[in-house]
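See below for the structure under consideration.
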Amino acid sequence: MPEASVAARTVILTVDDDPGVSRAVARDLRRRYGGEHRVVRAESGEAALEALRELKLRGEQVAVLLADYRMPQMNGIEFLEQALDIFPGARRVLLTAYADTDAAIDAINVVDLDHYLLKPWDPPEEKLYPVLDELLDAWRHTDHRAVPTTKVVGHRWSARCSEVREFLARNQVPYRWYSSDEPEGRRLLEAADTDALRLPLVITPDGTALIEPGDQDLAARVGLATTPTADFYDLIVIGGGPAGLGAAVYGASEGLRTVLVERSATGGQAGQSSRIENYLGFPDGVSGSQLTDRARRQAAKFGAEILTAREVTGLEINGAAKAVRFSDGHAIAAHSVLLATGVSYRQLDAPGVADLTGRGVYYGSALTEAASCQGHDVYVVGGANSAGQAAMYLSRGAKSVTVLVRGGPLAASMSHYLVQQVEDAPNITVRTGTVVESAHGTDHLEQLTLRDTTTGHTELVDSQWLFVFIGAAPLTDWLDGTVLRDPRGFIVAGPDLSADGAPPPEWELDRAPYHLETNVPGVFVAGDARSESAKRVASAVGEGAMAVMLVHRYLEQS
Numbered sequence: 001m002p003e004a005s006v007a008a009r010t011v012i013l014t015v016d017d018d019p020g021v022s023r024a025v026a027r028d029l030r031r032r033y034g035g036e037h038r039v040v041r042a043e044s045g046e047a048a049l050e051a052l053r054e055l056k057l058r059g060e061q062v063a064v065l066l067a068d069y070r071m072p073q074m075n076g077i078e079f080l081e082q083a084l085d086i087f088p089g090a091r092r093v094l095l096t097a098y099a100d101t102d103a104a105i106d107a108i109n110v111v112d113l114d115h116y117l118l119k120p121w122d123p124p125e126e127k128l129y130p131v132l133d134e135l136l137d138a139w140r141h142t143d144h145r146a147v148p149t150t151k152v153v154g155h156r157w158s159a160r161c162s163e164v165r166e167f168l169a170r171n172q173v174p175y176r177w178y179s180s181d182e183p184e185g186r187r188l189l190e191a192a193d194t195d196a197l198r199l200p201l202v203i204t205p206d207g208t209a210l211i212e213p214g215d216q217d218l219a220a221r222v223g224l225a226t227t228p229t230a231d232f233y234d235l236i237v238i239g240g241g242p243a244g245l246g247a248a249v250y251g252a253s254e255g256l257r258t259v260l261v262e263r264s265a266t267g268g269q270a271g272q273s274s275r276i277e278n279y280l281g282f283p284d285g286v287s288g289s290q291l292t293d294r295a296r297r298q299a300a301k302f303g304a305e306i307l308t309a310r311e312v313t314g315l316e317i318n319g320a321a322k323a324v325r326f327s328d329g330h331a332i333a334a335h336s337v338l339l340a341t342g343v344s345y346r347q348l349d350a351p352g353v354a355d356l357t358g359r360g361v362y363y364g365s366a367l368t369e370a371a372s373c374q375g376h377d378v379y380v381v382g383g384a385n386s387a388g389q390a391a392m393y394l395s396r397g398a399k400s401v402t403v404l405v406r407g408g409p410l411a412a413s414m415s416h417y418l419v420q421q422v423e424d425a426p427n428i429t430v431r432t433g434t435v436v437e438s439a440h441g442t443d444h445l446e447q448l449t450l451r452d453t454t455t456g457h458t459e460l461v462d463s464q465w466l467f468v469f470i471g472a473a474p475l476t477d478w479l480d481g482t483v484l485r486d487p488r489g490f491i492v493a494g495p496d497l498s499a500d501g502a503p504p505p506e507w508e509l510d511r512a513p514y515h516l517e518t519n520v521p522g523v524f525v526a527g528d529a530r531s532e533s534a535k536r537v538a539s540a541v542g543e544g545a546m547a548v549m550l551v552h553r554y555l556e557q558s
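Structure, rendered in structure tokens:
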């Protein structure tokens with residue numbers, strides 16, 4: 001049973017099934033916060049919930065909940081999810097081991113997690129108290145009413161439902177998922193006066209029901225900015241991947257009126273990576289979504305405007321002004337433009353794949369769909385880093401993960417550290433010289449036909465899950481006739497604009513183009529969309545920062 005006290009002080013509750021750890025957490029909490037707060041300790045999720053119900057009945061307030069992730073019967077995330085119904089205003093912390101950090105990050109969309117702490121937390125003065133101080137201060141400045149949450153009702157094998165879940169997750173919008181064939185899902189459909197034939201149903205925190213919403217309407221209703229606040233800027237950044245976010249941070253922090261336009265969700269392909277382990281400053285690795293969220297908040301802190309779900313379809317040059325036109329016909333203009341549109345995953349060209357996309361076949365969606373793969377046989381197509389990262393992430397819960405590589409050994413296209421991890425994972429198998437010949441299923445993926453590229457032998461395997469990472473293509477067709485591109489569609493800039501390094505024939509200025517400047521003065525490119533770029537997160541961020549320096553130089557001479 002949890003410890004109790006009659007003192008009417010704000011409560012900090014901690015729950016851990018290990019008695020020694022439970023006592024240690026409570027001891028450290030009392031040493032720092034015992035004077036102003038009552039520390040309640042429990043050794044199981046059910047006991048902790050019972051304590052919370054008693055506290056609720058007595059009218060007491062709970063400020064912070066600390067729960068261990070790995071508890072039997074009810075893990076920490078399950079406990080926090082139920083605790084939300086009792087004390088929705090309490091700040092939520094998950095105690096995890098290093099191996100569970102991805103689960104903690106995923107919990108953001110389940111329980112609106114405020115923080116996760118790695119065990120051990122010694123010394124508490126450095127690793128525990130600063131976090132609790134900040135959370136307690138935030139709790140004091142709220143009114144402790146229920147945290148509004150977006151609800152999504154859909155079908156597991158609906159492509160559009162999958163897209164909406166990924167859109168919300170990648171934009172860090174907390175939501176709860178309800179299956180349309182379960183009681184609560186049916187109740188919400190009935191309340192919205194609709195049925196399972198029109199999915200997804202999205203219910204916003206204010207109770208508005210959106211039936212089959214488009215991305216732009218969805219973004220606006222869940223609190224994402226979609227409309228620019230001005231008509232003219234110093235810098236328009238097109239694309240919200242690492243290069244675009246880097247440019248937004250540096251541009252806004254250095255006084256440029258900066259707006260970033262993203263057609264889907266900030267982070268780009270990097271934002272979908274389950275773990276990036278070779279990025280400077282993160283020796284233990286960082287998930288793409290975590291890195292993206294930090295960069296987005298950093299850009300917003302400096303005053304950058306971030307527009308989501310706005311697709312750019314045209315670039316018009318009007319003297320010194322550059323106009324960017326959206327798909328709905330509206331436009332904004334600026335002194336300078338940075339093209340950071342990145343790349344999109346290439347589609348797998350095999351019979352049946354297109355019809356089953358979003359219904360068992362996914363491109364770069366490992367983070368969103370991984371929870372549904374628990375105990376299943378999963379196939380990953382691709383031999384580069386994105387495929388390896390997805391395979392490692394999926395292997396934590398899947399029964400087996402088979403990586404299909406068209407070419408030879410992984411070492412030819414995958415970072416050495418990642419090759420070692422894949423080879424050491426007991427439930428990952430790598431099949432080189434193997435391709436997907438076709439995909440089969442009715443309402444969702446059921447089987448795959450695999451072909452050996454050397455012998456031609458085919459094999460039919462059962463699987464409901466196929467994740468595809470087979471290279472990328474630039475998103476630059478809308479620039480045709482305005483900005484020079486190479487034969488593959490990547491944007492050419494700086495010295496690469498001509499063989500001898502001289503300015504291109506149509507260049508009108510008496511200086512050569514800057515290093516990241518395109519054939520249009522004042523229009524720059526950074527990141528994966530640039531011809532011959534390094535295709536790495538660190539280099540993309542660096543190019544975004546460098547582009548801002550060159551924008552300053554351009555503006556000074558214009």
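Heads up: the sequence shown runs through residues 1 to 558, numbered per the working numbering.
The C-beta atom is built at its ideal place from N, Cα and C for all residues, glycine as well.
None of these values were measured; they are calculated from a predicted model.
* Using the C-alpha atoms, what's the distance from residue 520 back to residue 481? -> 11 Å
Q) If you run the structure through DSSP and keep just helix, strand and coil, what is residue 155? A) coil
Select from 498, 36 and 149 the residue whose C-alpha is nearest the C-alpha of residue 10.
36
Residues that DSSP places opposite residue 525 in a beta bridge:
339
So for residue 314, helix, strand or coil by DSSP? strand
- Item | Residue environment, residue 461, which counts as buried when at least 16 other CB atoms sit within 10 Å | exposed
| said: Considering only the alpha carbon of each residue, which of 389, 438, 463 and 433 lies closest to residue 446? | reply: 463
Query - Start-end ranges of the alpha helix (DSSP H) lying completely within the region 147-227, minimum 4 residues - result: Listed in chain order, they are 159-170, 183-191 and 215-221.
Extent of the continuous beta strand (DSSP E) to which residue 276 belongs
Counting along the chain, residue 276 falls outside any beta strand (DSSP E), and DSSP gives it neither H nor E.
Cβ distance (whole Å) where residue 492 is taken to contact residue 500 below 8 Å
14 Å between Cβ atoms; not a contact.
DSSP beta-bridge partners for residue 447? 440 and 462
Check your understanding: In the DSSP assignment, what are the bridge partners of residue 381?
Key -> 404 and 468
request  = For residue 39, write down the residues that DSSP places opposite it in a beta bridge.
outcome  = Residue 39 is bridged to 12.
>> Please list the terminal residues of the continuous alpha helix (DSSP H) segment that includes residue 79.
In response: 76-86
Query - Contact under 8 Å by Cβ, residue 207 with residue 346 - result: Their beta carbons are not under 8 Å apart, which means residue 207 does not touch residue 346 by this criterion.
Quiz item: Among 371, 435, 227 and 56, which one has its Cα closest to the Cα of residue 390?
Solution: Restricting attention to 371, 435, 227 and 56, the CA atom closest to the CA of residue 390 is found in 371.
Suppose the cutoff is 7 Å on Cβ atoms and the five residues either side in sequence are ignored; what does the same chain contact list for residue 340 look like?
Contacts found: 237, 238, 239, 241, 243, 244, 247, 526, 527, 529 and 544.
Touch test, the region 296-307 against the region 256-274, Cβ-Cβ under 8 Å, three pairs minimum
yes
Exercise. Is there contact between the region 325-344 and the region 282-290, where contact requires at least three CB pairs shorter than 8 Å?
Worked result: Counting Cβ pairs under 8 Å, fewer than three are found: no touch.
Between which two residues does the beta strand (DSSP E) containing residue 233 stretch?
-> 232-238
How many Å lie between residue 351 and residue 430 at the Cα? So the two alpha carbons sit approximately 23 Å from each other.
key: Pairwise C-alpha distance: residue 448 and residue 401   = 14 Å
Q. The beta strand (DSSP E) with residue 68 in it runs from where to where?
A. According to the DSSP assignment, residue 68 belongs to the beta strand (DSSP E) that extends over 62-68.
Look at residue 32 and residue 116 and say whether their C-beta atoms are less than 8 Å apart. no
So which of 497, 406 and 18 has the shortest CA-CA distance to residue 119? 18
| Where residue 514 sits in the DSSP three-state scheme | coil
Q) For the alpha helix (DSSP H) that residue 322 lies in, which residues bound it at each end? A) Counting along the chain, no alpha helix (DSSP H) covers residue 322; the unbroken beta strand (DSSP E) around it starts and ends at 321-326.
Next on the checklist: I need the straight-line Cα distance from residue 296 to residue 396, nearest angstrom please.
Outcome noted: Rounded to the nearest angstrom, the two C-alpha atoms are 28 Å apart.
Do the region 493-513 and the region 308-323 make contact, defined as three or more Cβ pairs closer than 8 Å?
Taking 8 Å as the limit for Cβ pairs, the verdict is that the region 308-323 does not touch the region 493-513.
Rounded to whole angstroms, what is the Cα-Cα separation between residue 517 and residue 474?
17 Å
Worksheet entry | N-terminal and C-terminal residue of the alpha helix (DSSP H) that residue 29 is part of | 19-33
**Message:** Please state whether the Cβ-Cβ distance between residue 90 and residue 62 is less than 8 Å.
**Reply:** yes
TODO: Take residue 154 as the anchor and find which of 172, 169, 276 and 197 has the nearest alpha-carbon.
DONE: 197
Requested in this report: For the alpha helix (DSSP H) holding residue 552, just list the boundary residues, first then last.
Outcome: 537-557
Notebook entry, point to check: Whose C-beta lies closer than 8 Å to the C-beta of residue 514 among residues of the same chain, with five residues either side of it excluded?
Noted result: 494, 524, 550, 553 and 554
- Task: Less than 8 Å between the CB atoms is what I'm expecting for residue 192 and residue 209, so what's the real figure, rounded?
- Result: 4 Å
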